[in-house]
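J.: Residue numbers for the sequence shown, in our numbering: 1054 to 1219.
Built from N, CA and C at the ideal position, the CB exists for glycine as well.
For clarity, every value in this text was computed on a predicted model and none was experimentally measured.
Take a look at the following structure, please.
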Amino acid sequence: MSLSILFYCIGTIAIGSAIFVVLNRNAVYSAISLVLCFFSLAVMYLLLEAYILAVLEIFIYAGAIMVLFLFAIMLLNLGREEALPNLRYLQRALSIFLVVIFFFGILLIMASGPDVLHQPSEKFSAGGIYSLGESLFSKYLLPFEVASLLLLVALIGTVYLAKRKI
1054 MSLSILFYCI GTIAIGSAIF VVLNRNAVYS AISLVLCFFS LAVMYLLLEA
1104 YILAVLEIFI YAGAIMVLFL FAIMLLNLGR EEALPNLRYL QRALSIFLVV
1154 IFFFGILLIM ASGPDVLHQP SEKFSAGGIY SLGESLFSKY LLPFEVASLL
1204 LLVALIGTVY LAKRKI
């Protein structure tokens, strides 16, 4: 039961940081909150004994993708907040309402649901690094190559746009 409580706490952190990404007006704070969401998802993968997914989550999303996001924020100069009407009271009331509903939902799930982390499923226990690499480079070779070409084009476009501004 203690692993279930830890799983729900980490899930709460992930959902809370994802909500903070959407509701925050400062783009840099949203990016930092997104990193927290990625790390909490990696911890959830560790609790589910999907170790390779946890490592890939940290390396790819929390590392590479967030560096790309931060470069885009710096290039677009999104650091300043624009003057918007003051909606803080409405935002605060809505967020408190959603948090209360969320915590009641978590308590309801913990009270009535079975232990989520009792046994890993067959899909997670059968796979590993070898089977992932084998399926990635045999069965899913074409989508893998298309994704790599798409990332290469995005990198070249970013360098071109950055050099044009300098």
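Leu1101 by DSSP, collapsed to three states: which one?
T.: Three-state DSSP puts Leu1101 in coil, outside helix and strand.
J.: Whose C-beta lies closer than 7 angstroms to the C-beta of Val1074 among residues of the same chain, with five residues either side of it excluded?
T.: So the qualifying residues of the chain are Ser1083, Ser1086, Leu1087 and Cys1090.
J.: Measure from the alpha carbon of Leu1106 to the alpha carbon of each residue in Leu1195, Leu1185 and Ala1215, then state which is nearest.
T.: For Leu1106, the nearest C-alpha among the options comes from Leu1185.
J.: Could you round the C-beta distance between Ser1070 and Ser1093 to whole angstroms and report it? I think they count as a contact, below 8 angstroms.
T.: Confirmed, about 7 angstroms.
J.: From the DSSP output, in three-state form, read off Tyr1193 for me.
T.: In this structure, Tyr1193 counts as coil in the three-state DSSP scheme.
J.: When you compare each of Ile1162, Leu1076 and Tyr1193 to Cys1062 by their alpha carbons, which one comes out closest?
T.: Ranking the options by Cα distance to Cys1062, first place goes to Ile1162.
J.: Using CA coordinates, which residue listed in Leu1147, Phe1157 and Leu1128 is at the minimum distance from Lys1216?
T.: Here the closest residue by C-alpha is Leu1128.
J.: Kindly indicate which three-state DSSP category Arg1141 falls into: helix, strand or coil?
T.: Arg1141: helix per DSSP, three-state reduction.
J.: Near Leu1170, which residues of its chain fall below 8 angstroms by C-beta distance, leaving aside the five closest residues on each side in sequence?
T.: At Leu1170, the pLDDT of 48 sits below 50, so the modelled position is not reliable and the matter cannot be decided from this model.
J.: Using the C-alpha atoms, what's the distance from Leu1151 back to Leu1214?
T.: Each residue's alpha carbon lies about 41 angstroms from the other.
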